[in-house]
Amino acid sequence: MRKLLYAFFVLSFLFYSCEEETNSFKVVIEGIVMDAETSERLNDVTVELYTKSKSHITTTNENGYYNLGEFNVGDYNIVYSKEGYLNDSKSLNLSSEIIVTGVGYEIVNSDLIYLTPLNEKAEFTVYRKYLDGEEIAAANFPYTVYLGSFNDPIVGTTSANGIISLDNVPSEISLSIDHEQNGIQYKTYTTIDTKDDNKVVVYGYNPEADLGVVSTNVLDTDGQPIEDFAVTDNITILFTIPVDIDNANFDLLEDGWMSVDFTYQWLNNNMTLTIDPVDPLLSNYYYSLEIDVKNENNTQTFSKVYNFTTE
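Numbering of the sequence shown is given in the working numbering, commencing with residue 1350 and proceeding in unit increments.
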């Protein structure tokens, strides 16, 4: 019995000592903030650290340096902001990054932070397209432009010519459009390179339409199987409405039984499927394309086998 009591006393003392050691450990959080394009050190950057109870704020000096002070070991989130730059953040998990080696020791956590300048202009035209129709300027379409996770989005409407013109944006932005016009739903979420991109196409669909195929290049204009499909061509399929790509199944078979390796991608708001065989198809061979897909609400299913022959 005495041995058990002694063991309990020793364990209690050890646990108490570890707790004392961790609680007395302090971490100095500091860093330098720089321009992501020029590597220039930035002054007057607001640096704000958030805890569960309050926030701690400081600014960088003329050398881009900041020091938030001492903090207990724990998890923290820091937000960096400066006019003319994208806001940024960093999460610190100091409890897992620091190994306690003594009581009352001090550790310095230093970071080098790069902020992206908002010095680009962007102008591009938005076009709407329904199924196989022509591209038409998307006039007066509401849009939302996202600059980053910690920055307010830009909300606006395209011009009568479908143009969006923006100042003071980063080199990459995200554009979201979700608009109904004359019973057709136009929807996209895409990334835009503000230096190079000058055109965006928003594809439309009829929300009330049945799931099916509008067109595919393995059929001719009369809907009959192609008998001279080019061995190096991609296979494309345009569906009537967006597809639930997480529940889409398709396979390409040679002579009706041997699977063909391919890569694929979904485009056009998940209405267009492009299949790219890894190797060229064999000449004068019979192929089968098997498709089993659902609409986004999983209320409709479309299953079909398309047969075709290569040239």
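Ideal Cβ positions, reconstructed from N, Cα and C, are used throughout, including at glycine.
Limits of the beta strand (DSSP E) - the one that residue i falls within
i       : result
Trp1606 : Per DSSP, Trp1606 belongs to no beta strand (DSSP E) and is neither H nor E.
Lys1470 : Glu1469 to Tyr1479
Gln1649 : Per DSSP, Gln1649 belongs to no beta strand (DSSP E) and is neither H nor E.
Tyr1535 : Ile1533 to Asp1542
Pro1491 : Pro1491 to Tyr1495
Asn1426 : Asp1424 to Ser1430
Tyr1552 : Lys1548 to Tyr1554
Gln1614 : Phe1611 to Leu1616
Where residue i falls: helix, strand or coil (DSSP)
i       : result
Ile1584 : strand
Asp1641 : strand
Asp1595 : helix
Leu1560 : coil
Leu1524 : strand
Leu1630 : coil
Leu1443 : helix
Pro1502 : coil
Thr1387 : coil
Pro1519 : coil
Thr1589 : coil
Val1394 : coil
Per-residue burial, residue i [other beta carbons within 10 Å of its own, 16 or more giving buried]
i       : result
Lys1431 : buried
Asn1412 : exposed
Asp1628 : exposed
Ile1640 : buried
Ala1509 : exposed
Phe1374 : buried
Asp1610 : exposed
Lys1643 : buried
Thr1648 : exposed
Selected residue, minimal CA-CA separation from residue i, among the options
i       : options                               : result
Asn1583 : Leu1417, Gly1572, Thr1565 and Asp1595 : Thr1565
Val1377 : Thr1465, Asp1460, Asp1437 and Val1394 : Asp1460
Ser1520 : Ile1526, Gly1505 and Leu1496          : Leu1496
Ser1514 : Thr1407, Ser1608 and Glu1472          : Glu1472
Asp1437 : Trp1606, Met1383 and Lys1470          : Met1383
Tyr1440 : Asp1542, Tyr1429 and Tyr1535          : Position check: residue 1440 holds Ser in this sequence, whereas Tyr was assumed. Among Asp1542, Tyr1429 and Tyr1535, the Cα nearest to that of Ser1440 belongs to Tyr1429.
In chain order, which beta strand (DSSP E) runs of at least 3 residues are fully inside the stretch 1396 to 1422? DSSP runs (the beta strand (DSSP E)) wholly in the stretch 1396 to 1422: 1404 to 1408 and 1414 to 1421.
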